[in-house]
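Following: one structure in structure tokens, then a few remarks.
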Amino acid sequence: MSNTMKVRVKNKNGVVDVKVIINHPMENGLRLNPQSGNKIPAHFINQFIILVNGQEALVSRCTGGLSKNPFYGFKLSDMKPNDRITVNWTDNTGQSGSADAVVN
Amino acid sequence: MLSLSSSLRNRGRIMKILTLIAVTALHAISYPALAETDFNTHPRFDIDPKLGVAGDFSGTYKYWKDTQAIEQFASIQTNSDNEWKMNGKNMDIVEDDFHPGHLAVDEGEKLVNLWEHREAGFKSCLGAGTTTLEGIAANYPMYDAKLGKVLTLEARIEHCAKKVLWQNFKQGSPVNASIALYLKSLSDGLPIQIDVDSGPMKEAYLRGETLFYKRIGQLNFACASCHTPGSIMGNRLRGEVPSTPFGDVSHYPTYRSPVGEVEVLHKRFMRCLKQMRAKPLKPGDPAYVDLEVFYTSMSNGYPIKAPSIR
Amino acid sequence: MKKILLAALMATLSACGTVQQPVNTNSASTSPMKFPCLSYSLSCGEIPVRKPVKKPLSGELSGNSEEGRNIAFTKTRGNCLACHRMKGGTQPGSRGPDLTSYGNLGRSDAETFALVYDMRWRSPDTLMPPMGTNEILTEQEIRDVVAFLQSSK
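Protein chains in written order, with the working numbering: chain A, 47 to 150; chain X, 480 to 789; chain W, 54 to 206.
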């Protein structure tokens, strides 16, 4: 699977349930390569920034505990239809990804 | 000198023969059961292919036969020793589930459309004559008369990639797995329907059944050693409890969390053989195809769930 | 000349007429190709399952029960815990008989050794892998496991 992500949004009376799934190896840097015996370099998402209509609504900073192809879910209140939710992530190597979803 | 050696040798031969007779006779007297047992196979169980998934021999089918049953009997899962009775089906009825399998379905859809755009004919090859790909996965494995062999879904993808696209989408590779999962997702909710009543499919079913009971590997296990009544099924095998093989194929290919990838059925066979210290074969192997026909018959009538997570 | 012929004769006599004994090798180096497999095309598809062997125990047991415990609990070696409850073992299996107080049963070393080596001479349909016949454990490792079993009280 190439580096992709998917966002699913469900609106229940103004409380929006957001689910995000991301393709990412999420190496915590402690695993050993079985052939060489060396540590596989750390490569994991360390920041999520959620924007609502361009405004920062939620910032999560994480370390290497999340597993491969992570799932990220959260709820936002006081949302209206057609609000735009943007999910941005960056990892420790500087790579990043982003996806949008519109509240129904 | 020569005559002495030859007479000694003759006496030696006679003694050898007498010893062999005595040893064999003693064995036959002490262990009569040995004479009847076929050590190459595990004892067989009567499976009626006409019953499909309802022929489940573990007695657990009533717990997971449909969404209603799974919800009704959900309480049996609180005990880790009884969890196996739900056969993992509780994970398939979660409304709004969201996992990397969904990403793989999108990936598969992208791949099919991309290659169809480059070489028109890919889709109609996958559909064996039709570009409507909804529902086709429910009839695999199937016998293809033109090619003269039983094809699994992954084999069809490999064949069409070679024939139409001149590409190598090897069975078990991420490309093949993503497309297979996408095609399966187009049949999500439909019951598996394969015909093993006659012809090459019936022969494949019988061969697969034979392989299911064949003792293999250093540990001398057959598939049946962990997946039939009276075997390890239902009992703990270290931290796990093996469950019934009935109904399993309906959720394959599946996203495997412990492995971090979409796993096709042949890859699962390969992994299990490795764990059982037996020789693992490659995805696409004819032995796996026969086993898949046998296993799919044990899920006949059960609705497909794709994408699934295990 | 007579000595050479006699030696050849003795060699022939000793080589034939005995029950086939498997070679004791390190279990880690036993290739899966030496055992039956599912393949229709590979040579291992034709290999028959090895016949049961009732292995006699020669001499003293001389088993190290501490080492036997390691062998029984390690997944890549004996892995006895996969099916049996054993003294001091965590997360055991439940298919095989409980062996936590095997030492109290009063079974002989020779019988225990022969059963661990190959259970099939007593129970032809057993699920238990033939630890000795299929070279899963060496003879010394089986002695160590027997020592651990006899000390489980």
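For glycine and all other residues, C-beta sits at the position ideal for the given N, C-alpha and C. What you are looking at is a predicted structure, and each value in this text was computed from that prediction instead of being measured.
Between A:V66 and A:V133 a beta carbon distance of about 5 Å is seen, short of the 8 Å cut, so the two are scored as contacting. Distance from the CA atom of W:L180 to the CA atom of X:F518, rounded to whole angstroms, is 11 Å. Residue pairing by DSSP places A:Q101 opposite A:V98 in a beta bridge. Using a Cβ distance threshold of 9 Å, X:L669 and X:I555 do not count as a contacting pair.
The continuous alpha helix (DSSP H) containing X:D585 extends over residues P579 to R597. Nearest in C-alpha terms to X:Y661, of all of X:H581, X:K693, X:E595 and X:Q754, is X:H581. Listed along chain W, the residues sitting closer than 7 Å to X:I695 by beta-carbon distance are F88, P89, C90 and L91. When X:Q650, X:C639 and X:P762 are compared, the shortest CA-CA separation from X:W594 is found for X:C639. By a beta-carbon distance limit of 8 Å, X:T733 contacts X:E742. Their separation comes to about 6 Å.
X:P721 places its beta carbon 9 Å or farther from that of X:G709. Residue pairing for A:K121: DSSP places it in a beta bridge opposite A:D63.
Under the DSSP assignment, A:G143 falls in the beta strand (DSSP E) whose first and last residues are S142 to V148. In the DSSP assignment, the residues bridged to A:N134 are A:I95 and A:S144. Taking a C-beta distance under 9 Å as the contact criterion, X:I615 and X:V772 do not qualify as a contact pair.
For W:P177, the closest C-alpha among the options W:S96, W:P85 and W:K107 is that of W:K107.
For X:C604, the closest alpha carbon among the candidates X:K625, X:G534 and X:E562 is that of X:K625. When Cβ-Cβ separations below 9 Å define contact, X:E688 makes no contact with chain A. Membership of X:D623 in the beta strand (DSSP E) is indicated by the continuous run M621 to D623.
A Cβ-Cβ distance of about 16 Å is found for the pair W:G142 and W:A200, leaving them out of contact under the 8 Å criterion. Residues of the same chain with a CB within less than 6 Å of the CB of A:L122, apart from the 5 flanking positions on each side, are V62 in chain order.
When C-beta distances to chain X are compared with 7 Å, the residues of the segment 58–75 of chain A below that value are K65, I67 and N69, in chain order. Contact annotation: the segment 760–769 of chain X does not touch the segment 542–559 of chain X, with fewer than three C-beta pairs closer than 8 Å. Counting every other CB atom within 10 Å of its CB across the protein chains shown gives X:G678 a total below 16, marking it as exposed. Shown here for A:N92: same chain residues with a beta carbon closer than 8 Å to its own, the five before and five after excluded, namely R107, C108, T109, T136, D137 and N138 in chain order.
In the structure shown, the three-state DSSP call for X:P679 is helix. Nearest neighbour of A:E102 by Cα position, chosen from A:G60, A:I131 and A:V53, turns out to be A:I131.
Taking 9 Å as the CB threshold, X:D674 stays off the interface with chain A.
Residues of the segment 720–743 of chain X with a C-beta atom less than 7 Å from some C-beta of chain A are G739, listed in chain order. The shortest C-alpha to C-alpha distance from W:P145 to any of X:I711, X:T775, X:T689 and X:I572 is the one to X:I711. Of the candidates X:S704, X:G627 and X:P759, the residue whose Cα lies closest to the Cα of X:F691 is X:S704. Residue contact check for A:K121 against chain X: no CB pair falls below 9 Å. W:F88 sits in coil when the DSSP states are folded into three classes, being neither helix nor strand. In the three-state reduction of the DSSP assignment, X:F552 falls in the coil class, being assigned neither a helical nor a strand state. At the C-beta level, W:D197 and W:I124 come within 9 Å of one another. Closest in C-alpha terms to W:E192, from the list W:L168, W:K206 and W:S205, comes W:L168. Cα atoms of X:H596 and A:H89: separation of roughly 35 Å, rounded to the nearest angstrom.
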